[in-house]
């Protein structure tokens, strides 16, 4: 396995809490842990963006939020408006669920146009906001995964993300990360969904993941630390 | 059990398809079945509202859509904007997921203000749009359910709805419908989540439900028919 430092691992983590009943104290704790462990970002629902942005004001930790999560079945207008509002509230990164019906149907025009519209919102900001597109890879066969990756490339997404972590088909899989890395072109790859240990996180990075989404960031770092000791 | 006619049962059903990979043909079939069985509405994701509104143009079947589904953790601004866009696209009814964190925390101001904001959008339309608020009743204890019902009343929701059908705690329960009916004041009650048979649907109506949300509308009607024969 490629050597990776503790700092590199930490700075690849979007530390995530999307549990709908999580409260202000939970979000504050998430932010404080992200600062302490030097994670890349915290990933929270839109209603918590102002709290997280405020809490992280004097840190290097970014605020990531989700759009049309986890179904992805909102209209393009609604997704664009949601992303715009999230950015105005303080989000640095947007993780949008792709339109799964369009992937299923092979509707390239719908899928690509929607990603382009979101990319336009994100990339017209200064500094630019990062757009990640979740393709729920475990739910689709190889051809449909490739099709979805092509749409992400054409639509100018910054990242292709494996999973919401909530789909019945499952979360991030090594083979999907490899496939997505091959098909991603200029897009980076975020592995998310079911990543709970340092071993899993490192395997995803080894397979090509540039970012890791996980609610187990602290456990992963403590785990990694223990392996080094 | 109170006698209920086939027509009464049919006209209480929101015939629902929120599967994220469902395609245009599935939505068209949903609409056609809703017309044939005289259901109250079809309930679809926002991206399908124009298709459903168009398909149901010359029928009495209404178009219902969902806001912040299923987590309910979007900011009030985002929920308001999503509801407004859904209405502009042709929705007659809005099923919004309440802010579960605010129910959990007992934050009456946040919860009520948000419901009021959504009610204002829906009720300022002519004709008025119906607002249903989903409180995910199986996830909360009796006190929190009562608290959520009070916020729905104060916020002027038209309906309190039991469940998204996707929460790990489960869907509609008879005892919750009874409790909600008692606590609902002027609000009506919609039972949804796991209702798959005519027997279940009738038991919910018997317990006080004014509306039934189900993806099994056709099976329920055929089932009811068979019981009468």
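Chains as they are written, first to last, in our numbering: chain S, 1 to 229; chain F, 1 to 229. For each residue, glycine too, the CB sits at the ideal point set by N, CA and C. Keep in mind that this is a model prediction, so the values were computed, not measured.
Check	Outcome
Measuring alpha carbon to alpha carbon, tell me which residue in F/103, F/53 and F/114 is nearest residue 81 of chain F.	F/114
Who are the Cβ neighbours of residue 185 of chain S in its own chain at under 7 Å, not counting the five residues just before and after it?	153
What is the DSSP secondary structure of residue 27 of chain S, counted as helix, strand or coil?	helix
Applying the 10 Å Cβ sphere with the 16-neighbour rule, what's the burial state of residue 145 of chain F?	buried
Give the range of the alpha helix (DSSP H) segment to which residue 203 of chain S is assigned.	198-207
Give a yes or no on whether 8 Å exceeds the smallest Cβ distance from residue 46 of chain S to chain F.	yes
So that I know if they touch, is there some Cβ in chain F lying closer than 8 Å to that of residue 305 of chain S?	The requested residue 305 of chain S is not part of the displayed model; chain S covers only 1 to 229.
Just verifying my parser: in three-state terms, what is the DSSP assignment at residue 98 of chain F?	coil
When you compare the CB of residue 71 of chain S with every CB in chain F, is at least one pair closer than 8 Å?	yes
Just to confirm my understanding: we take residue 69 of chain F, look at its own chain, exclude 5 residues before and 5 after, and list those with CB closer than 6 Å. What are they?	97
Tell me the rounded alpha-carbon separation between residue 193 of chain F and residue 193 of chain S.	25 Å
Apart from the five residues just before and just after residue 275 of chain F, which ones in its own chain have a Cβ nearer than 8 Å to its Cβ?	Shown here, chain F extends from 1 to 229; a query on residue 275 of chain F therefore has no answer.
Could you tell me whether the segment 98-105 of chain S touches the segment 136-150 of chain S, using the rule of 3 or more Cβ pairs below 8 Å?	yes
Using beta carbons (cut-off 8 Å, strictly below), is residue 242 of chain S in contact with chain F?	The structure shown does not extend to residue 242 of chain S, since chain S is modelled only from 1 through 229, so no value can be given for it.
First and last residue of the alpha helix (DSSP H) that includes residue 216 of chain S?	Note, residue 216 of chain S: premise wrong, no alpha helix (DSSP H); not H, not E.
With residue 144 of chain F as the anchor, note down where its alpha helix (DSSP H) starts and where it stops.	142-154
In whole angstroms, give me the CA-to-CA distance for residue 230 of chain F and residue 94 of chain F.	This structure does not reach residue 230 of chain F, given that chain F is present from 1 up to 229, and the question cannot be answered.
Under 9 Å, CB to CB, which of the residues in the segment 169-184 of chain F have a partner in chain S?	none
Kindly list the residues whose CB is nearer than 7 Å to the CB of residue 209 of chain S, restricted to its own chain and excluding five residues on each side of it in sequence; keep chain order.	177, 189, 190 and 191
For residue 82 of chain S, return the contacting residues in chain F, with the cut-off set at a CB-CB distance below 8 Å.	74, 78, 81 and 82
Select from the segment 101-128 of chain F all residues with a C-beta closer than 7 Å to any C-beta belonging to chain S, and list them in chain order.	101, 104 and 105
Using only CA atoms, which one of F/87, F/163, F/111 and F/30 lies nearest to residue 130 of chain F?	F/87
At which residues does the alpha helix (DSSP H) containing residue 119 of chain F begin and terminate?	108-123
When the Cα atoms are used, what is the spatial distance from residue 215 of chain S to residue 27 of chain S?	12 Å
Taking the alpha carbon of residue 8 of chain F as the point to measure from, which residue in F/20, F/31, F/16 and F/37 has its own alpha carbon closest?	F/37
In angstroms with no decimal places, state the Cα-to-Cα distance between residue 34 of chain F and residue 60 of chain F.	10 Å
Comparing alpha-carbon positions, which option in F/156, F/25, F/151 and F/91 lies nearest residue 108 of chain F?	F/151
Within 10 angstroms of its Cβ, does residue 52 of chain F collect 16 or more other Cβ (buried), or is it exposed?	buried
Kindly indicate which three-state DSSP category residue 14 of chain S falls into: helix, strand or coil?	strand
Put residue 57 of chain S into one of helix, strand or coil per three-state DSSP.	coil
For residue 132 of chain S, write down the residues that DSSP places opposite it in a beta bridge.	S/95 and S/159
Name the two residues that bound the continuous alpha helix (DSSP H) containing residue 77 of chain S.	76-89
Put residue 65 of chain F into one of helix, strand or coil per three-state DSSP.	strand
Find out if the Cβ-Cβ distance for the pair residue 73 of chain F, residue 47 of chain S is shorter than 8 Å.	yes
Can you tell me the Cβ-Cβ gap for residue 217 of chain S and residue 39 of chain S, rounded? I've got them flagged as a contact below 8 Å.	6 Å
Excluding five sequence neighbours on each side, which residues of the same chain lie with their C-beta closer than 7 Å to the C-beta of residue 187 of chain F?	152, 153, 157, 158, 159 and 160
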